[in-house]
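Written out below as structure tokens is the structure these notes cover.
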Amino acid sequence: MSDDGYTRITLRIPDRLHARLSEVAAQTSKSMNAEIIGRLEESFVGDGRKVVFTPDTMSLLLRSRLESLKAMISTLQEEIAAADFDPGVAEGARDELESMQEFATTIRQALFYAVQAKYSGTPIPAEVEHLASDLAQMPF
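Structure representation (structure tokens):
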């Protein structure tokens, strides 16, 4: 039976899972239905090999990547200072530096959400999880 693009189903789940879903739904002010649909939709994100992060592992990853990025920014700043005699090189390096600084700001914001999730029990936003998944695959 379809109702406004939805199909009604009967779902049997273990009592413990039901209790956990109820608790999380109440904490996030969502209905059980919305919580279940959200979690199911998240399971289909990407190529099916979704990396699952706890707030602690995400914080560690983000801090590590941020430290690496800070080192890269510092090196680039030194290169800019050394290349001041060549305006073309300095300008290109400044553009790259600006991009890195914006990326560092994005990582800091994601880190804020990860720490907030750890201490408040709120879920990590999906876009932050996607960023962390992408960062986990980056070589730096």
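Following UniProt numbering, the numbering of the sequence shown begins with 1 at its first residue and continues without gaps. Even for Gly, the Cβ is constructed at its ideal location relative to N, Cα and C.
**Asked** If you run the structure through DSSP and keep just helix, strand and coil, what is T7?
**Response** DSSP places T7 in strand when its eight states are reduced to three.
**Message:** Does the contact criterion of 3 or more C-beta pairs under 8 Å hold for the segment 3-16 versus the segment 88-107?
**Reply:** No contact exists between the segment 3-16 and the segment 88-107.
**Prompt:** What residue from A126, N33, A132 has the CA that sits closest to F103's CA?
**Reply:** A132
**Request:** Could you check if E127 is buried or exposed, using at least 16 other CB atoms within 10 Å of its CB as the buried criterion?
**Result:** exposed
**Request:** On a CA-only basis, which of A93, I124, T105, R16 is nearest T75? Give me that one, please.
**Result:** A93
**Asked** Between E91 and the rest of its own chain, which residues show a CB-CB distance below 7 Å, the 5 nearest in sequence each way excluded?
**Response** none
**Prompt:** Cα separation between E23 and S68?
**Reply:** 38 Å
**Prompt:** Looking at the structure shown, is G121 part of a helix, part of a strand, or coil, going by DSSP?
**Reply:** coil
**Request:** Within the segment 15-66, note down every full alpha helix (DSSP H) run reaching 4 residues or more, in order along the chain.
**Result:** 15-27, 32-42
**Asked** How about the segment 25-39 and the segment 106-117: do they share at least three Cβ pairs that are nearer than 8 Å?
**Response** no
**Asked** Helix, strand or coil: how does DSSP classify I80 here?
**Response** helix
**Message:** Only counting the same chain, and skipping five residues up and downstream in sequence, which positions put a Cβ closer than 8 Å to that of P123?
**Reply:** V24, T28, A117
**Asked** When you compare only the Cα positions, how much space is there between Y113 and R63?
**Response** The C-alpha of Y113 lies about 13 Å from the C-alpha of R63.
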